[in-house]
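Here you go:
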């Protein structure tokens, strides 16, 4: 059992520009409907000699996994995805508390149909329904880590805000 200690942690947000499977028609359709190039996003946390990735799985929720395991999973795919990474600096993070929050199967992502519906119609008619996406989950996690960011449904809007610079309760970023 890990003791929940807040340790200075380097936090990075990575955004997937080209997916691992370029022939994936769902991803291409989603990118066309949403008019965005960024398809997915995830966070990495680095403490001393350990590095973790907060990974979102559409069927099974979220997981905090060692970064070596994430690299192994990506290496088994046919094509390696292309990333844009935003360094968010240092923040005091407790990996054990973060994993207690993240490693729960009840955090289900919205289905492909729900996301497409929201992009085509739902965002214009409903102010209350918001699909659970990777960028919305990352927005919540960043807020837990002390960052002052907005909640974003689309990965490209989260990327824009983080790339412009976002403050933390413990440090101030310079942005671009």
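Numbering (my numbering), first residue to last: 263 to 438.
For every residue, glycine included, the Cβ atom is placed at its ideal position computed from N, Cα and C.
This structure is a prediction, so every number in the text was calculated from the model and none was measured.
Proximity winner among the options, relative to residue i (alpha-carbon distances)
{"i": "residue 315", "options": "379, 358, 348, 329", "result": "329"}
{"i": "residue 419", "options": "269, 277, 268", "result": "277"}
{"i": "residue 304", "options": "340, 279, 339", "result": "279"}
{"i": "residue 353", "options": "312, 376, 308, 387", "result": "308"}
With 16 other Cβ atoms within 10 Å as the buried cut-off, status of residue i
{"i": "residue 362", "result": "exposed"}
{"i": "residue 428", "result": "buried"}
{"i": "residue 383", "result": "exposed"}
{"i": "residue 267", "result": "exposed"}
{"i": "residue 438", "result": "The pLDDT assigned to residue 438 is 42, lower than 50, so where the model puts this residue is not dependable, and the model offers no usable value."}
8 Å Cβ cutoff met for residue i and residue j
{"i": "residue 327", "j": "residue 271", "result": "no"}
{"i": "residue 393", "j": "residue 300", "result": "no"}
{"i": "residue 350", "j": "residue 423", "result": "no"}
Helix, strand or coil at residue i according to DSSP, with G and I counted as helix
{"i": "residue 365", "result": "coil"}
{"i": "residue 268", "result": "coil"}
{"i": "residue 324", "result": "strand"}
{"i": "residue 349", "result": "strand"}
{"i": "residue 313", "result": "strand"}
{"i": "residue 302", "result": "strand"}
{"i": "residue 419", "result": "helix"}
Quick one: any contact between the region 404-412 and the region 326-340, if contact means 3 or more CB pairs under 8 Å? Result no; under three Cβ-Cβ pairs closer than 8 Å.
Could you say if the region 389-399 and the region 341-357 meet the contact criterion of at least three C-beta pairs nearer than 8 Å? Contact between the region 389-399 and the region 341-357 is absent, with fewer than three C-beta pairs closer than 8 Å.
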